[in-house]
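So for the sequence shown, this note's numbering puts the first residue at 98; every next one is plus one. C-beta atoms are modelled at their ideal positions from N, C-alpha and C, and glycine is treated no differently. Below is one structure, written out as structure tokens, with a few remarks after it.
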Amino acid sequence: VRMRTTAARATEGVLVTAGLGVGPARIWGPCQVIWSEESPTRAGFGYGSLTGHPERGEEAFVVGREDDGAVWFEVRAFSLPARWFTRAGGPAVRAVQHTYAWWLGRTLRRLCVSR
Numbered sequence: 098v099r100m101r102t103t104a105a106r107a108t109e110g111v112l113v114t115a116g117l118g119v120g121p122a123r124i125w126g127p128c129q130v131i132w133s134e135e136s137p138t139r140a141g142f143g144y145g146s147l148t149g150h151p152e153r154g155e156e157a158f159v160v161g162r163e164d165d166g167a168v169w170f171e172v173r174a175f176s177l178p179a180r181w182f183t184r185a186g187g188p189a190v191r192a193v194q195h196t197y198a199w200w201l202g203r204t205l206r207r208l209c210v211s212r
């Protein structure tokens, strides 16, 4: 996954383009951050897809820390196919989305353990 952003932090209005794949087969998905939050125990943001994204919808990513030090990660998403290849992909597209969310959680787990 490659990320292009118009700012270093996710704040309202920032453009985010995620690229999934390799080389010329990479599929880019332009989005715009529609909300963000940051507190001592929670941080997260949500973005909505823009024209050209393979899906039409929104995603939110939130990380929280409990008083006992436990860390949790939540991904919420809803989408519909917006391009011919995501419509043709059917259930395989959903499997890719679920795998991506799992990969994000695994990455966060590694970051938490290494600290």
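Trp125 is positioned such that its CB atom lies no closer than 8 angstroms to that of Gly143.
About 5 angstroms separates the Cβ atoms of Val172 and Ala198, confirming a contact at the 8 angstroms cut-off. Going by DSSP, Gly154 is part of the beta strand (DSSP E) stretching over 152-162.
Residue nearest to Ala179 within the set Glu152, Thr138, Thr102, Val168 is Glu152 (criterion: CA-CA distance).
Cβ contact annotation for Cys209 (same chain, cutoff 7 angstroms, sequence separation greater than five): Val168, in chain order. Around the CB of His195, fewer than 16 other CB atoms lie within 10 Å, so the residue is classed as exposed. Secondary structure within the region 117-156: the beta strand (DSSP E) runs of 3 or more consecutive residues, fully enclosed, are 124-135, 139-146 (chain order).
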